[in-house]
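J.:
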Amino acid sequence: MPESLRHILEHWLTQDALVVGGFALVFFLLRAGARNERWQRAGARLKRDRTGLIAFAIVLLYLTIGALEVFQIPTASGTRSILDLFLGGISPEKSYSAPLADTLLGSARHAKLNGHHLLGTDVLGKDVFAQMLKACRTALIIGGLTSAIYVPLGALLGVLAGYFRRWVDDMIQYVYSTLASIPEILLLVAIISATTPRWGRSLGTMAIALGITGWVGLCRLIRGETMRQAERPYVTAARALGQTHAKIVVRHLLPNVMHLVLISAVLGFSNIVLAEAILSYLGVGAPVGTASWGIMIDAGRTELGRDPLVWWNISAATAALFGLVLSLNLLGDSLRRAFDPKQT
Amino acid sequence: MFSYLVRRLLYAVPILLGVVAITFFLDNVMMSPDAKASRVLGPKARGEQRREWIHNRGLDQPIPQQFVRYIGNLATGKFGTSWVTGREVREIFVTGAGPSLCITVPGFIAAFLASVGVALFQVFIRNSPLDRGLTIVSIALMSLPTMVYVIFAQAFLALALCYFPAYGFSFDGLNVFRFIALPVCIFILINVGYDARLYRAIFLEEIGQDYVRTAQAKGVSNPRVLAVHVFKNGLIAIITLVVAELPKLILGSLLIESLFGIPGLGNVLVQAIQTGDQPVVMTSVFLGSVLYLAALILTDICYALADPRIRLS
Chain A
3 MPESLRHILE HWLTQDALVV GGFALVFFLL RAGARNERWQ RAGARLKRDR
53 TGLIAFAIVL LYLTIGALEV FQIPTASGTR SILDLFLGGI SPEKSYSAPL
103 ADTLLGSARH AKLNGHHLLG TDVLGKDVFA QMLKACRTAL IIGGLTSAIY
153 VPLGALLGVL AGYFRRWVDD MIQYVYSTLA SIPEILLLVA IISATTPRWG
203 RSLGTMAIAL GITGWVGLCR LIRGETMRQA ERPYVTAARA LGQTHAKIVV
253 RHLLPNVMHL VLISAVLGFS NIVLAEAILS YLGVGAPVGT ASWGIMIDAG
303 RTELGRDPLV WWNISAATAA LFGLVLSLNL LGDSLRRAFD PKQT
Chain B
12 MFSYLVRRLL YAVPILLGVV AITFFLDNVM MSPDAKASRV LGPKARGEQR
62 REWIHNRGLD QPIPQQFVRY IGNLATGKFG TSWVTGREVR EIFVTGAGPS
112 LCITVPGFIA AFLASVGVAL FQVFIRNSPL DRGLTIVSIA LMSLPTMVYV
162 IFAQAFLALA LCYFPAYGFS FDGLNVFRFI ALPVCIFILI NVGYDARLYR
212 AIFLEEIGQD YVRTAQAKGV SNPRVLAVHV FKNGLIAIIT LVVAELPKLI
262 LGSLLIESLF GIPGLGNVLV QAIQTGDQPV VMTSVFLGSV LYLAALILTD
312 ICYALADPRI RLS
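Taken in order, these protein sequences are the chains called A and B.
With the working numbering, the residue at position 68 of the first sequence is 70, and numbering never jumps.
With the working numbering, the residue at position 255 of the second sequence is 266, and numbering never jumps.
(1) Using a cut-off of 8 Å between C-beta atoms, extract the partners of residue 280/A located in chain B.
(2) Buried or exposed: which applies to residue 120/B, given that a residue is buried once 16 or more other Cβ atoms fall within 10 Å of its Cβ?
(3) Using a Cβ-Cβ cut-off of less than 9 Å, give me the residues of the stretch 168 to 186 of chain A that come near chain B, in sequence order.
(4) Do you know offhand how far residue 164/A's Cα is from residue 178/A's?
(5) Out of 158/A, 67/A, 70/A, point me to the one whose CA is closest to residue 254/A's CA.
(6) What distance in whole Å lies between the Cβ atoms of residue 220/A and residue 152/A, which are believed to be in contact at a cut-off of 8 Å?
(7) Comparing C-alpha positions only, which one of 206/A, 332/A, 327/A sits nearest to residue 150/A?
(8) Can you grab the Cα-Cα spacing for the pair residue 191/A / residue 253/B, in whole Å?
(9) Can you check which of these residues, 299/A, 313/A, 10/A, 276/A, is closest to residue 155/B by C-alpha distance?
(10) If we count Cβ pairs, one from each stretch, closer than 8 Å, do we get three or more for the stretch 51 to 64 of chain A versus the stretch 327 to 341 of chain A?
(11) From the beta carbon of residue 82/B, is the nearest beta carbon of chain A less than 8 Å away?
(12) Kindly identify the DSSP beta-bridge partner or partners of residue 77/B.
(13) At the 8 Å Cβ level, is residue 30/A part of the contact set with chain B, yes or no?
(14) With distances taken from CA atoms, which of 134/A, 257/A, 339/A is nearest residue 299/A?
(15) Which residues mark the beginning and the end of the alpha helix (DSSP H) in which residue 245/A is found?
(16) For residue 95/A, name the three-state secondary structure that DSSP assigns.
(17) Thinking just about the alpha-carbon of each residue, which of 38/A, 49/A, 180/A, 195/A is nearest to the one in residue 38/B?
(18) Going by beta carbon distance, what residues of the same chain come within less than 8 Å of residue 314/A, once the five residues before and after it are set aside?
(19) Out of 342/A, 8/A, 63/A, point me to the one whose CA is closest to residue 265/A's CA.
(20) Drop a sphere of 10 angstroms on the beta-carbon of residue 138/A, count the other beta-carbons inside from all chains shown, and report buried for 16 or more, exposed for fewer.
(21) I'd like to know if residue 61/A contacts chain B, where contact means its C-beta is closer than 8 Å to some C-beta of that chain.
(22) Among the residues of its own chain, which have a CB less than 6 Å from the CB of residue 127/A, if the five just before and after it don't count?
(23) Measuring alpha carbon to alpha carbon, tell me which residue in 179/B, 165/B, 134/B is nearest residue 173/B.
(24) Can you give, in chain order, each stretch of the beta strand (DSSP E) that sits fully within the stretch 228 to 314 of chain B and has at least 3 residues?
(25) Do the CB positions of residue 216/A and residue 142/A come within less than 8 Å of each other?
(26) At 8 Å on the CB atoms, spell out the chain A contacts of residue 299/B, in chain order.
(27) Between the stretch 118 to 132 of chain B and the stretch 236 to 245 of chain A, are three or more C-beta pairs nearer than 8 Å?
(28) At a CB-CB cut-off below 7 Å, which residues of chain A make contact with residue 153/B?
(29) Can you give me the C-alpha to C-alpha distance between residue 9/A and residue 15/A, rounded to a whole angstrom?
(30) Three or more beta-carbon pairs under 8 Å between the stretch 79 to 98 of chain B and the stretch 288 to 307 of chain B, yes or no?
(31) Counting only beta-carbon separations shorter than 8 Å, does residue 143/A have a partner in chain B?
(32) For residue 64/A and residue 334/A, what's the separation of their Cα atoms in angstroms?
(33) So is residue 263/B in contact with chain A if we call contact Cβ pairs under 8 Å?
(34) For residue 54/B, would you say it is in contact with chain A, using Cβ-to-Cβ distances shorter than 8 Å as the test?
(35) Can you pull out the residues from the stretch 278 to 311 of chain A whose beta carbon lies closer than 7 Å to at least one beta carbon of chain B?
(36) Between residue 318/A and chain B, is any beta-carbon pair separated by less than 8 Å?
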């Protein structure tokens, strides 16, 4: 019992706390933003944007499903995630079966299935619908961890470079120019393979690699906007009133570029989800055995060529991935229009 | 202009040094010389063989010494030979560039024309339901990973319906078109969504300019304002953006090439990563960053040429 107790505690500390903390942080930041006049106007505009609201609801749905898979509770048969409890009635099969079929795929003796499967089963007999939902956890963790690394880094360095200029700007520019000039996919593969022998292949190493390559674009954007803001009278006034640099950066500049950070973070989340799929496909992504859309799509490559054709596995993964990425992109687009109505 | 160019080129040197240092560091953290040897020679190689292999490549020297030698080699254009195939790295890159360009150049041109066309049409009907619909389609095209396009196209258009070969490449005569048709189409699909949206934003920005109001006040018809005034000015901004993409075309597309079995540089690189062929991978990184920096300088020059208000100094 102490062994399993330790396992639960560890899981709570590393994953559950992380997810709760992440959601709380986003909520806190949005509430802080709601006091800002620019954000209030954007919020009012967003409320009239039907596409944006639908996209937002879909993104929330995905995140909720992902969070349900993260949270584990002890049951009679060991610890299981809440999502597992919802999907509890689904029994595994021996191998492939088509959506809603009664028998195994291609079996001569018409072996009866143990249950019904909305989207069929994969090669190991696992329910595809359940796998598709469980993969939301991978997307949530990768997206959340990576954002937690690159968003603060990119925003802060961007503001510092844009405000202090001179050697601070030179140094930050040098670092990101160097990183940007390495082909991104190569840098990702290199960082992941360099860290794997030490820390093992995990979602964490992938998030670190994506975080190291991801902050460049955000930093560049924020640096440019900060330079524009720093010439505005309110910054000069703050300086004239004798406010410290730290206070100007934290109180004045950061809040005034925060909306760009929000938009970039939403659009960046969609890129991270896509990158996870591509890295998993290249074999350096999610650890083997994780439910991941990239791994499902990779499996689908051979399954589409076999006879009889197995199309449900890759189709389910593609549809789920597409739904999330499209909603994130549409939401980002709506946010941009809400904050900058001139650019329709 | 000349002094500007010299300064930009000098500025590129520390960046390239940084790139080489990062890749060299990652490579050394990644694998010990012994692990590299057993990966390339296979698990059966005996200790003696491995030691000889390591010694021949100078991997037993102190790391700072290796680093200096490596930089010297790069600066003089000595890229070495592949550890796996034994071919000259330079030759690998020269032969790989052809097939890569066969895919990227037609794809790039077609994607450019298509996105400019779509963007202009969207600006013409701006804020109508159709415009909104086209934007959503563009976003949808960006929302799928490349391999999904490739896998579905191979399964249905090539294997099931036999319109195209699913895999491979050949240079003889008209045959080449059969092999590049699908990869080029997919290259267009994955680029057109992003580009069309970007170009639409650029054209829209032009529409807000004073000269458009002047033209309208003069009595120029709306289609003519778009087709002549906005198009010309927007195109300048777009072309300067596009020029920056040109150098990258040589490196090809990693996923498209490896999935279609096209012997271009993207494919070479994927194989080199999988087999641990260090000289090929390191040269790709170096070449990639040289091309990227060249693109940046090219963009600046284009801006200066297109817009006389900008002086390079």
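Every residue gets a Cβ at the ideal spot worked out from N, C-alpha and C, and that includes glycine.
T.: Judging by the given coordinates:
(1) 156, 157, 158, 266
(2) exposed
(3) 176, 177, 179, 180, 181, 182, 183, 184, 185
(4) 14 Å
(5) 158/A is the residue among 158/A, 67/A, 70/A whose C-alpha sits nearest the C-alpha of residue 254/A.
(6) 7 Å
(7) 206/A
(8) 27 Å
(9) 276/A
(10) Judged by Cβ distances under 8 Å, the stretch 51 to 64 of chain A makes contact with the stretch 327 to 341 of chain A, as three or more pairs qualify.
(11) For residue 82/B, the closest Cβ of chain A is not nearer than 8 Å.
(12) None; residue 77/B has no bridge partner.
(13) no
(14) 134/A
(15) Counting along the chain, residue 245/A falls outside any alpha helix (DSSP H), and DSSP gives it neither H nor E.
(16) The answer is coil: DSSP assigns residue 95/A none of H, G, I, E or B.
(17) 195/A
(18) Within the same chain, residue 314/A has close Cβ partners 100, 101, 121, 122, 130.
(19) 342/A
(20) Buried: at least 16 other Cβ atoms inside 10 Å.
(21) no
(22) 94, 95, 96, 97
(23) Closest option to residue 173/B, Cα to Cα, is 165/B.
(24) Entirely contained in the stretch 228 to 314 of chain B, not one beta strand (DSSP E) run reaches 3 residues.
(25) no
(26) 183, 184, 185, 188
(27) no
(28) 331
(29) 10 Å
(30) yes
(31) no
(32) 16 Å
(33) no
(34) no
(35) 279, 280, 283, 299, 302, 303, 306, 307
(36) no
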